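In the numbering used here, the protein residues as written are 5 to 262. Here a beta-carbon is modelled for each residue, glycine too, at the ideal position from N, C-alpha and C. As the structure is a computational prediction, the values presented were derived from the model and not from experiment.
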Ligand SMILES: Cc1cc2nc3c(=O)[nH]c(=O)nc-3n(C[C@H](O)[C@H](O)[C@H](O)COP(=O)(O)OP(=O)(O)OC[C@H]3O[C@@H](n4cnc5c(N)ncnc54)[C@H](O)[C@@H]3O)c2cc1C
Ligand code: FES
């Protein structure tokens, strides 16, 4: 984990309200898929950095990328950054996703901005013997993004929207369960809004499916390095708390209360 000054080398709107920003680091980092960066968005009242999943890291050019949805003041400021602007960041953060040697068939389930950390999994393992089936869910057609990047790198891709305006009407989770018998995954990675993760957890329990399942949580954060406790969530056994930034953001689905 390093605190670095980085230079913006691209910041483009890829779908309405969704941007991809790329920035060059002054030095190499060790990056694992599913990790995140805490990125400054401006000065003054917006000094607190914002957490974003790292979409990719190119070791040859020391360039990293992040996709973000403009939500509030911080991401609005970020969307105004131009090539050559400097930002500060702490990178890389969190534990990330880990694929074991024996886990060959992988299901990736992403909803909304939750698709971004999953794209980094495809990036890291694109030249491997892993097989990916991907399930993406969005509010409607105008929110669909990164479709081409998922389509290009996965064995099968299923897209659902809440209103059926793109792909099938439904959710990433309903698509996953509809395809489960065909997919028979060795492991499941998921990221998305809490109702989506709850539907996944209860769906697995109802169907008595015991496939290992890991979820990446997107709690509100302050420091991003384990010091302020803003991001604490409960362990499922009620015995202890975990810090999403430091102990996660990836947890086994049964380990945390969602
Ligand atoms: C590990 C992790 C990875 C994330 N990856 C992405 C990503 O790849 N793309 C993306 O679009 N969004 C991602 N988010 C959510 C993103 O951090 C928030 O949307 C963003 O911080 C909102 O900032 P804002 O100033 O525009 O909004 P405001 O609502 O004005 O933010 C005010 C404060 O709340 C915090 N905050 C608000 N919403 C969230 C949230 N959902 N999660 C964490 N902190 C929040 C902000 O950091 C800030 O301190 C991620 C969150 C986490 C925790
Ligand atoms: S954000 Fe400060 S402890 Fe996690």
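Query, Result
"Residue 57: CB within 7 Å of a non-hydrogen atom of ligand 1", "yes"
"For residue 200 and residue 210, the rounded distance between their alpha carbons", "15 Å"
"DSSP-derived helix/strand/coil call for residue 147", "helix"
"Assumed close pair residue 27, residue 58 - CB separation to whole angstroms, cut-off 8 Å", "So it is not a contact: roughly 11 Å between Cβ atoms."
"Run of the alpha helix (DSSP H) containing residue 184, from where it starts to where it stops", "176-187"
"7 Å Cβ shell around residue 46 - same chain, five flanking residues per side excluded", "81"
"Rounded distance between the beta-carbons of residue 39 and residue 98, thought under 8 Å", "5 Å"
"Closest Cα partner of residue 6 within the set 236, 184, 32", "32"
"Residue 189 to residue 158 span [Cα, whole Å]", "14 Å"
"Same chain only: Cβ atoms within 8 Å of residue 183, ignoring 5 sequence neighbours per side", "137, 139, 160, 162"
"Closest by C-alpha distance to residue 8, when choosing among 19, 225, 41, 153", "41"
"Residue 153 beta carbon near ligand 1 (any heavy atom closer than 7 Å)", "no"
"Residue 111 and residue 180 closer than 8 Å at C-beta", "yes"
"Per DSSP, cross-strand counterpart(s) of residue 17", "23"
"The segment 235-249 contacting the segment 76-94, beta-carbon criterion three pairs below 8 Å", "no"
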